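Student: In our numbering, the protein residues as written are 366 to 796. Don't be surprised by glycine CBs; every beta carbon is placed ideally from N, CA and C. Just so you know, these numbers come straight off a predicted model, no measurement behind them.
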Ligand code: SF4
């Protein structure tokens, strides 16, 4: 992992919503060095903003799942008119996403929104941009300048621009697009600089992961502002996840990126869950809640592990708030080694599960009792952590795999011993 890139820092929100900071490392306006803020996770509401109750419910759902910031679209006046009530009934910083009409930005600022997003492809009139800059300056809120591959290419001179600018990055995939994004940003940010406004963060999204990686890498080298990472139009979760993690994971591991939005054509709750998991996996955020380790299963499996893992995942998300490691392993052949370091672990086999807490065996239960007993042990362990009686990740007793032929046998030893006759055929859901 490359250390995080130093940027100017933007911050927004208030006592009620909590203050979110993005980027940092460079001195602030008074010359004092800012610390680098943790990478934040955002999502955007999928419903209409003017549907006040629906919008509030959506925002609160994402906030509860861990979203640090939630963005709403404000295409019409009735959307900005809804903002006051939405802001009153939510406790997370809200960004108003403005397309086409600068008046919506002014109305959103007036309503008390915490940040504005402008698209240089859609609001280009200098006087209009100046009016938004002045309003944000007065309200002391930042602006995200978000170029987006779908909206930045001016139709009139597209071919000419593509030829001219494409030569600059001719060695890159879709080099002309990369060049236009950067040129557009430079032009647009000049308006902000001339107005003495630098409370800015930047995004440059594409649906192509390679373009996203190249665009943000170039922008990081050219501009000192925090970067909002995202792959746009990434598709449903099944494929969008791969595309987003390929691009955002690469950039973050190179130290680039200060806030992320994973976007799916699926329930946006998954954008929050997967964004947080990406940051946890890279060590860029301290995990809140349990970390689940589970084996992929193989021909040694003797319980319905896929169902068990899904059930455990759901219950851990609901009930566990301390960052304990929980392992659900299909057998005792490789399980103990692979679950090394887990605070609570179950090793299945022969329709049973042996449960360990920090290396100490606490139960050997039939398959139908594994879920309940495992959760009970996780809750008890969580209580001990909260009372300061045990520490996370402290392995007090070495896990010694059970006798493969005796207590919970599986694998070749058992077959060699002729002990497989008592194992009934198993139907595993999803196989
Ligand atoms: S833990 Fe056991 S069942 Fe799971 S993948 Fe490894 S060897 Fe196979």
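1) Taking C-beta to C-beta, are residue 594 and residue 622 nearer than 9 Å?
2) Looking at the structure shown, is residue 487 part of a helix, part of a strand, or coil, going by DSSP?
3) Is the number of C-beta pairs between the stretch 540-555 and the stretch 452-463 that are closer than 8 Å three or more?
4) Output the residue ranges of the beta strand (DSSP E) runs that lie fully inside the stretch 453-480 and measure 3 residues or longer, sorted by chain position.
5) Alpha carbon to alpha carbon, what distance is there between residue 731 and residue 673?
6) Name the two residues that bound the continuous beta strand (DSSP E) containing residue 386.
7) Helix, strand or coil for residue 635? Go by DSSP, reduced to three states.
8) Just verifying my parser: in three-state terms, what is the DSSP assignment at residue 378?
9) Between which two residues does the alpha helix (DSSP H) harbouring residue 586 extend?
10) Any heavy atom of the ligand SF4 inside 8 Å of the beta-carbon of residue 673?
11) Using 8 Å as the threshold, is the stretch 686-701 in touch with the stretch 643-662, meaning 3 or more CB pairs across them?
12) How close, in whole Å, do the beta carbons of residue 677 and residue 736 come, if the pair is a contact with beta carbons under 8 Å?
13) For residue 367 and residue 620, what's the separation of their Cα atoms in angstroms?
14) For residue 485, is the classification buried or exposed, using 16 other Cβ atoms within 10 angstroms of its Cβ as the cut-off for buried?
15) Give the DSSP-derived three-state secondary structure of residue 412 in the structure shown.
16) Three or more beta-carbon pairs under 8 Å between the stretch 385-395 and the stretch 598-618, yes or no?
17) For residue 379, tell me which candidate among 752, 506, 405 and 551 has the shortest Cα-Cα distance.
18) So, with DSSP's three-state summary, where would you put residue 395?
19) Return the chain-ordered list of same chain residues with a C-beta closer than 8 Å to the C-beta of residue 498, the five sequence neighbours on each side being excluded.
20) For residue 470 versus residue 451, is the C-beta spacing smaller than 9 Å?
21) Please report the Cβ distance between residue 652 and residue 688, rounded to the nearest whole angstrom; I am assuming they are in contact, meaning their Cβ atoms lie under 8 Å.
22) Starting from the Cα of residue 616, find the closest Cα among 669, 717 and 649 and give me that residue.
23) Going by alpha carbons, who is nearest to residue 580 out of 627, 710, 514 and 599?
24) So what does DSSP say about residue 663, is it helix, strand or coil?
25) If you pair each beta-carbon of the stretch 415-423 with each one of the stretch 390-406, do three or more pairs fall below 8 Å?
26) Pull up the distance between the alpha-carbon of residue 742 and that of residue 722, whole angstroms please.
27) Tell me whether residue 721 sits in a helix, a strand or coil according to DSSP, three-state version.
28) Take residue 707 as the anchor and find which of 625, 588 and 739 has the nearest alpha-carbon.
29) DSSP state of residue 602, grouped into three classes?
30) Which residues share a DSSP beta bridge with residue 594?
31) Applying the criterion that 16 or more other CB atoms from any shown protein chain within 10 Å of the CB defines a buried residue, is residue 377 buried or exposed?
32) Using C-beta distances below 6 Å, list every residue in its chain close to residue 792, excluding the 5 sequence neighbours before and after it, in chain order.
Tutor: Looking at the atomic coordinates:
1) In contact: residue 594 and residue 622 (Cβ atoms closer than 9 Å).
2) coil
3) no
4) The beta strand (DSSP E) runs lying completely inside the stretch 453-480 and spanning 3 residues or more are 459-463, given in chain order.
5) 13 Å
6) 383-388
7) helix
8) strand
9) 574-587
10) no
11) yes
12) 7 Å
13) 5 Å
14) buried
15) coil
16) By the Cβ test, the stretch 385-395 is not in contact with the stretch 598-618, since fewer than three Cβ pairs between them sit closer than 8 Å.
17) 506
18) coil
19) Here residue 498 has 508, 556, 557, 560 and 562 as same chain residues with Cβ atoms under 8 Å from its own Cβ, once five neighbours each way along the sequence are excluded.
20) no
21) 4 Å
22) Of 669, 717 and 649, the residue nearest in Cα terms is 649.
23) The residue with the shortest Cα to Cα distance from residue 580 is 514.
24) The three-state secondary structure of residue 663, taken from DSSP, is coil.
25) no
26) Straight-line Cα distance between these residues: approximately 7 Å.
27) strand
28) 739
29) Looking at residue 602 - three-state DSSP - the assignment turns out to be helix.
30) 625
31) buried
32) With a pLDDT of only 48 at residue 792, under 50, the local geometry of the prediction cannot be trusted, and the value read off the model is given with reservation. Excluding sequence neighbours, residue 792 sits near nothing in its chain.
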